[in-house]
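Enquirer: In terms of numbering that gives the first Met the number 0, the sequence shown has 122 at position 123, counting the first letter as 1, and numbering is strictly consecutive. Okay, handing you the structure first.
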Amino acid sequence: MQARTFSVSFFLVCFLCLSSQSAFAKKMYRWINENGETIFSDQVPPEQSQLRRESLNEKGRVVEVTEKEKTKEQQAIDNRLNALKKAQEKIIAQQAANDKVLLSTFRNVKDMEASLYATLQSLDAQRNMAQGNLKRVEDQLASQQKKAAELERNGKKVPKNLLDEIKQTEEQIQVAYAEINKQIEKKNRAKAEFEANIERFKFLTQENTDPSKATDKTAQAKVADEIGLYACETDALCVKAWTNAHDFIKANATTPIDTDTDKLIMGRAPANDSDLSLSVSKIEDENKKQQLFLDIHCRESSLGTELCASQKVRDIRSAFRPFIETAVDK
């Protein structure tokens, strides 16, 4: 009885082996259907063609993998991630170009301070000219108003041309004030940019006596702080950082989160000029290490553009990495 059982089993195994060799002589596919069952076949039914499948050679080895067809929502997320990746690369490339110009333009901090002083002097001269023009039109207005007052005291009607001149002079005064404010803002902006460049120059050269030898690695480390980039040291820390990224968005965005996947947290598009929409994407760097990239969007309007260029947004961006690091270390 035992011998017969062995014989049947033996022939059954031989039959299955021959069947397998015959089957794999053709191109075979293997996939898992909606019910979790593993299917082997030389043809893929159309209704299951969107599933992930493997192509097998005559020895049953995987030679090609066709990934599961993505939904429109998944494709939209992938497109968004690709756009964020390109935005990140563009910012880093721009910063690297700015660093190159900075290091090739100035020899030391004293050179930069001298250049800042000259720039501020020039801007002060322009503001003085604007203030001189304001004084001139204010004197002109005072003279015109005095003339009109004298006419009224003498019981005479103020001529229309004089009233028109007063109105025009008042408008010129408003333009002069606007020009002065513009020069003040220009000076403040130039000062802030120079001070930022001086700090950047110090950072790039702090480990190098020769500024031209500042390493790309050092420059990129500073870039990460400036563009809102957190590099995950380990996968475990990245999981924790991803959780904390939600908290950062909720604390700083004015629009709610409407997309939340394992690779993208994205806020709803800005509806008002004061809205800030934040998104964080999980992207691999060139070494296949995970990093979190913060992106900030404002409404497509003049006020929205101004908001995205403001110090407020720069502060939010620069706070991202420290926030994540602090939260991860807890």
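Positions of the beta carbon are idealized from the N, C-alpha and C atoms, including for glycine. This one's a predicted model, so the numbers in the text were calculated from it and none came from an experiment.
1. May I have the straight-line CA-CA distance separating glutamate 66 from valine 238, to the nearest angstrom?
2. Could you tell me the distance, in whole angstroms, from the CA atom of asparagine 286 to the CA atom of asparagine 97?
3. On the DSSP bridge assignment, give the partners of aspartate 294 in chain order.
4. Terminal residues of the continuous alpha helix (DSSP H) containing valine 108?
5. Please classify arginine 29: does DSSP put it in a helix, a strand, or coil?
6. Is the distance from the Cβ of isoleucine 323 to the Cβ of leucine 291 below 8 angstroms?
7. Decide yes or no for the touch test of the stretch 112-128 against the stretch 156-172: beta carbon pairs closer than 8 angstroms, at least 3 of them.
8. Going by C-alpha to C-alpha distance, which of Ser273, Thr118, Gln42, Pro44 sits closest to alanine 191?
9. Taking a contact to mean a Cβ-Cβ separation below 8 angstroms, would you say arginine 52 touches valine 43 in this structure?
10. Would you tell me roughly how many angstroms separate the C-alpha atoms of methionine 265 and leucine 50, rounded to the nearest one?
11. Measuring only the C-alpha atoms, how far is glutamine 93 from valine 100?
12. Starting from alanine 230, trace the beta strand (DSSP E) in both directions and tell me its first and last residue.
13. Would you report the Cα separation of leucine 11 and asparagine 56, rounded to the nearest angstrom?
14. Pull up the distance between the alpha-carbon of isoleucine 172 and that of asparagine 132, whole angstroms please.
15. Who are the Cβ neighbours of alanine 240 in its own chain at under 7 angstroms, not counting the five residues just before and after it?
16. Would you identify the three-state DSSP class for valine 312, choosing helix, strand or coil?
17. From cysteine 227 to lysine 249, what distance separates their C-alpha atoms?
18. Using a Cβ-Cβ cut-off of 8 angstroms (strictly less than) and excluding sequence neighbours within five positions of leucine 122, which residues of its own chain qualify?
19. Using 8 angstroms for Cβ pairs, my map puts threonine 253 next to serine 273. What's the rounded Cβ distance?
20. For aspartate 246, which of Arg298, Ala318, Ala235 has the nearest alpha-carbon?
21. Where does serine 276 land, buried or exposed, given buried means 16+ other C-beta within 10 angstroms?
22. Among the candidates Arg126, Gln205, Lys201, Arg152, whose CA atom is the shortest distance from the CA of alanine 177?
23. Can you list, in chain order, the residues of its chain whose CB lies under 7 angstroms from that of valine 136, leaving out five sequence neighbours each side?
24. Between the alpha carbons of alanine 235 and asparagine 251, how many angstroms are there, rounded?
25. How far does the alpha helix (DSSP H) with phenylalanine 247 in it reach, from first residue to last?
26. If you run the structure through DSSP and keep just helix, strand and coil, what is glycine 266?
27. Is aspartate 98 helix, strand or coil by DSSP?
28. How long is the line joining the alpha carbons of lysine 134 and lysine 146, rounded to whole angstroms?
Expert: Once the coordinates are examined:
1. Sequence index remark: in the sequence shown, residue 66 carries index 67 (1-based). Sequence index remark: in the sequence shown, residue 238 carries index 239 (1-based). Approximately 25 angstroms, taken between the alpha carbons.
2. For the purposes of this step, residue 286 is taken as residue 287 along the sequence shown, with counting starting at 1. For the purposes of this step, residue 97 is taken as residue 98 along the sequence shown, with counting starting at 1. Those two C-alpha atoms are separated by around 24 angstroms.
3. The sequence position of residue 294 within the sequence shown is 295, counting from 1. Answer by DSSP bridge pairing, in chain order: Ser278.
4. Numbered from its first residue, the sequence shown carries residue 108 at position 109. Residues 108-152.
5. Locating residue 29 in the sequence shown gives position 30, where the first residue counts as 1. Strand at arginine 29.
6. Translated into positions along the sequence shown, residue 323 becomes position 324. Translated into positions along the sequence shown, residue 291 becomes position 292. Going by C-beta atoms, isoleucine 323 is nearer than 8 angstroms to leucine 291.
7. no
8. Locating residue 191 in the sequence shown gives position 192, where the first residue counts as 1. The residue with the shortest Cα to Cα distance from alanine 191 is Thr118.
9. Residue mapping note: residue 52 aligns to position 53 of the sequence shown, counting from 1. Residue mapping note: residue 43 aligns to position 44 of the sequence shown, counting from 1. Going by C-beta atoms, arginine 52 is nearer than 8 angstroms to valine 43.
10. Taking the sequence shown and counting its residues from 1, one reaches residue 265 at position 266. Taking the sequence shown and counting its residues from 1, one reaches residue 50 at position 51. Straight-line Cα distance between these residues: approximately 27 angstroms.
11. Taking the sequence shown and counting its residues from 1, the one referred to as residue 93 is at position 94. Taking the sequence shown and counting its residues from 1, the one referred to as residue 100 is at position 101. Rounded to the nearest angstrom, the two C-alpha atoms are 11 angstroms apart.
12. Against the sequence shown, residue 230 aligns to sequence position 231. Counting along the chain, the beta strand (DSSP E) containing alanine 230 begins and ends at 228-230.
13. Counted from its first residue, the sequence shown places residue 11 at position 12. Counted from its first residue, the sequence shown places residue 56 at position 57. Any reading at leucine 11 needs caution, since the residue's pLDDT is 40, under 50, leaving its predicted position unreliable; the model's value is listed next. Roughly 23 angstroms separates the two Cα atoms.
14. Start at 1 with the first residue of the sequence shown, and residue 172 comes out as number 173. Start at 1 with the first residue of the sequence shown, and residue 132 comes out as number 133. Isoleucine 172 and asparagine 132: Cα-Cα distance of roughly 9 angstroms.
15. What you label residue 240 is simply residue 241 of the sequence shown in a count that begins at 1. Excluding positions up to five away in sequence, the list reads Tyr229, Cys231, Leu291, Ile323, Val327.
16. Stepping through the sequence shown from its first residue, residue 312 is reached at position 313. Valine 312: helix per DSSP, three-state reduction.
17. Taking the sequence shown and counting its residues from 1, the one referred to as residue 227 is at position 228. Taking the sequence shown and counting its residues from 1, the one referred to as residue 249 is at position 250. Reading off the sequence, residue 227 comes out as glycine, not cysteine. Cα to Cα, glycine 227 sits roughly 16 angstroms from lysine 249.
18. If you number the sequence shown from 1, residue 122 lands on position 123. Cβ neighbours of leucine 122 beyond the five flanking positions: Gln182, Lys185, Lys186, Ala189.
19. Against the sequence shown, residue 253 aligns to sequence position 254. Against the sequence shown, residue 273 aligns to sequence position 274. Sure, about 7 angstroms apart at Cβ, within 8 angstroms.
20. Taking the first residue of the sequence shown as position 1, residue 246 is located at position 247. Here the closest residue by C-alpha is Ala318.
21. To locate residue 276, count along the sequence shown from 1; it is residue 277. That one is buried.
22. Along the sequence shown, read from residue 1 onward, the residue named residue 177 stands at position 178. Residue Arg126 is the option with its Cα nearest to alanine 177.
23. Start at 1 with the first residue of the sequence shown, and residue 136 comes out as number 137. Thr168, Gln171, Ile172, Ala175, listed in sequence order.
24. Locating residue 235 in the sequence shown gives position 236, counting from the first residue. Locating residue 251 in the sequence shown gives position 252, counting from the first residue. Alanine 235 and asparagine 251: Cα-Cα distance of roughly 25 angstroms.
25. To locate residue 247, count along the sequence shown from 1; it is residue 248. 234-251 is the extent of the alpha helix (DSSP H) around phenylalanine 247.
26. Translated into positions along the sequence shown, residue 266 becomes position 267. It is a strand residue.
27. Here the question's residue 98 lines up with position 99 in the sequence shown. The answer is helix: DSSP assigns aspartate 98 an H, G or I state.
28. Residue 134 sits at position 135 when you count from the first residue of the sequence shown. Residue 146 sits at position 147 when you count from the first residue of the sequence shown. Near 18 angstroms, if we compare the C-alpha coordinates of lysine 146 and lysine 134.
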